Amino acid sequence: MVTYILRRLLMLIPVLIGMTLITFSIVHLIPGNPAQVILGETATADAIANLEKTMGLNEPYFVQYWNYILDILQGDLGTSLRSKAEISSEILPYIAATFELTLFAMIFAIVVGVNAGIISAWKQNSWFDLAAMLIALIGVSMPVFWLALMEQWIFAQELGWLPAYGRQDSKDPIAAITHLYVLDSLIHLDFARAGTILKHLILPSIALGTIPMAIIARMTRSSMLEVMKSDYIRTVRAKGSGQFLVIYKHALKNAMIPVITVIGLQTGVLLGGAILTETIFSWPGVGRYVYEAINYRDYPVIQSGILVIAFIFVMINLVVDILYKKLDPRIKY
Amino acid sequence: MAEAILELKELSTHFFTDSGEIPAVDQVSFTVHKGEVVGVVGESGSGKSVTSLSILQLIPKPPGKIVNGSIFYKDENLAKASEKRMKKIRGNEISMIFQEPMTSLNPVFTIGNQMREAIRIHQKVSKQTATEKAIHMLKVVGIPRAEDIVNEYPHQLSGGMRQRVMIAMAMSSEPSLLIADEPTTALDVTIQAQILDLMKKINKEEQTSILLITHDLGVVADICDRVVVMYSGQVVEQGTTREILKDPKHPYTQGLIRSLPKLHGKEKKLYSIPGTVARPRKDHIGCRFAPRCEFAFERCFKENPQIYNLGEGRESRCFLHSKQEGERLKDVTTNT
């Protein structure tokens, strides 16, 4: 297991190098001189030359790339042009916000999706199966923004049960430690606040989790149906096992192998920031952070934001690979 | 004769498919006595596997269903037993092993885990005791390094070893009856002999009755006390192994035996029964073997032959045994 993980980590190195090459070239692919772009059209030639020197733009490309890598390895992601703040510290709350939302959205998607898939396969062609698969079909086909707006309209506007936007009560902000607000309020032992924050999470989590939930449900169902036909399931039944043991122990572990792939990919997509959902729910996530940077042509932020999102995606894939090995002892690399 | 452990009476299992009702098992009756090894022989599609799966109610339903008949296990009719009761029977009173040792064990759990589970479903013992019992059983079936094997996964073992594991698992609750569905078909010849020896040993030492499903008459000759020959969902002949191999009465059995290669024979070309097994149909009229039978006559295509009792437990489903066709039968047997 340890050698397997080490090997997977070694295989990440070329991927990470490829990622940095792409983000590095973003600045150089912008038409014109990057320093000119950054300073704007009215900049003097002196100012541009100065900035080129401080940015090292007059060095050869490989030296620039080498410096870029050294900066990244030291945790220096550059400075935002707009806020003049260090990106590495500025981006953290946004990542935390996205992470928290993704976590709850995926918990919703996995718990509902996997169980709906299992029961659908168990009671194939029953009314439950038909209803669950119909909902799953609607779930994958429905535009997220529409679902989000409908949720806000029904549960916030009409019924007034849940807050329509934001991460917390804006009149009473939390003293952030990890920027994961649920965790922070628990650290402060402030359970009332934790409740409010959880309430803020419900609507965006459901909006964001619906598509993954539907995909996971369909995937689990077809995978379970496949596994239930296999010889070893017949063996388990011939041993005298009850249906529950057959399904939740023997079939599920085998059936989850393809489902894990889907879960990993979906988690990666959500962690990359869901601009639509984050915008509708005024969620200060990484998607919106990068989106706003694009609006302001804040190139260092775009560059580093993409790098961070790509890095998270790669890490999720690593976790999926490790989970594969946990589920299936036959996997060797 | 010893007491009957398993008695099938006119068992019929039908499959309800889109293309109609298929009587895969049609009024099958036979008995397995205590300590006896009974072979069920037939080609692919003869219904022998469905018969064995029906006994433990393991046929996939839908589309399969036991529509008629009874399965008496020690005076209890399993055809009418509840699922709850069947769980107590399966793997405890009646165990089963399958044809495909490569795929019959769950690939994602260790051998020990799967064996412990089989033991602890039926016996209230600790995990520790179950592990010890598992190791003991693996040793009984002749697996070397049993202590290590319990921590290994099925893909780390060969086919023969996996079949031994299956047998060890099946025997762990000391069942009175072991159903073996083509246990040696997927194995090579030397391993096949070892597995058969193991089954003989279990039969002798534990007094476990064995119902052996096979298409291999060599296996039957090696291990079985009695033979049931099936064709297209029906029993066509049964009797002791010695009698059946020496003096087959039904034309199908005769054909089967003739199609065995002989080590010292003179024939240039190996005999084979012409045609293939007819798919059982509900509206079939006449003997199901008639289209392939070299002795078939008019009546064979018009009426369904019943079972003729030939005395001393021998039965055959063929009109040649009826009085008016008796003379023909004599010709048949002298010709072969």
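For the protein sequence lines, the chains are A and Z, in the order given. For the first sequence, the tail end lands on 333 under the UniProt record's numbering, and the numbers increase by one without skipping. For the second sequence, the tail end lands on 336 under the UniProt record's numbering, and the numbers increase by one without skipping. The beta carbon of each residue, even a glycine, is placed where N, CA and C say it ideally should be. Please read all numbers here as calculations on a predicted model, not as lab measurements.
Chain Z has a Cβ within less than 8 Å of the Cβ of Lys239 of chain A. Counting along the chain, the unbroken alpha helix (DSSP H) around Gly305 of chain A starts and ends at Tyr299 to Leu327. Uninterrupted beta strand (DSSP E) stretches at least 3 residues long and entirely within the stretch 19-58 of chain Z occur at 20-33 and 37-41, given in chain order. Membership of Tyr271 of chain Z in any alpha helix (DSSP H) is not indicated, and neither H nor E is assigned to it by DSSP. Residue contact check for His250 of chain Z against chain A: no CB pair falls below 8 Å. Per DSSP, reduced to three states, the secondary structure at Gly313 of chain Z is coil, with no helix or strand assignment. Taking Leu180 of chain A as reference, the option from A:Ile197, A:Glu90 and A:Ala43 with the minimal CA-CA separation is A:Ile197.
In terms of Cβ geometry, Thr277 of chain A and Ala207 of chain A form a close pair [threshold 8 Å]. Between Ala24 of chain Z and Gly233 of chain Z, the CB-CB gap stays under 8 Å. Annotation for Phe72 of chain Z: the continuous beta strand (DSSP E) segment containing it runs Gly64 to Tyr73. Neighbours of Tyr232 of chain A in chain Z, taken as residues at a C-beta separation under 8 Å, are given in chain order as Thr103, Ser104, Leu105, Asn106 and Pro107. Here the C-alpha atom of Val140 of chain Z lies approximately 12 Å from the C-alpha atom of Ile195 of chain Z. Under the DSSP assignment, Asp71 of chain A falls in the alpha helix (DSSP H) whose first and last residues are Tyr61 to Leu73.
Taking C-beta atoms under 8 Å as the contact rule, Leu211 of chain Z and Leu58 of chain Z fail to qualify, at a distance of about 14 Å.
Put simply, the stretch 97-107 of chain Z touches the stretch 229-239 of chain A. At least three CB pairs are less than 8 Å apart. In this structure the stretch 74-85 of chain A does not lie against the stretch 155-164 of chain A, because fewer than three pairs of beta carbons, one per stretch, are closer than 8 Å. Per the C-alpha coordinates, the member of Z:Ile244, Z:Arg226, Z:Ile119 and Z:Ile97 positioned closest to Ser49 of chain Z is Z:Ile97. Selection A:Ile135, A:Lys123 and A:Leu70 evaluated against Lys61 of chain Z yields A:Lys123 as nearest (Cα-Cα). In the structure shown, Gln234 of chain Z falls within a strand segment according to DSSP collapsed to helix, strand and coil. Proximity of chain Z to Lys253 of chain A at the Cβ level (cut-off 9 Å) is accounted for by Asn106, Val108 and Phe109, in chain order. At a cut-off of 8 Å between beta carbons, Glu174 of chain Z makes no contact with chain A. The DSSP-derived three-state label of Gly240 of chain A is coil. For Glu147 of chain Z and Ala130 of chain Z, the gap between their C-alpha atoms comes out near 13 Å. The alpha-carbon separation between Tyr153 of chain Z and Pro329 of chain A amounts to approximately 7 Å.
Collapsing the DSSP output to three states places Glu158 of chain A in a helix. When DSSP reads this structure, Arg226 of chain Z sits in a beta bridge with Z:Val38 and Z:Thr240. In the structure shown, the three-state DSSP call for Met1 of chain A is coil. Judged by DSSP in its simplified three-state form, Phe15 of chain Z adopts strand.
DSSP places Ile210 of chain Z inside the beta strand (DSSP E), whose first and last residues are Ser209 to Thr214. Taking 9 Å as the Cβ-Cβ cut-off, the stretch 314-328 of chain A approaches chain Z at Leu327 and Asp328, given in chain order.
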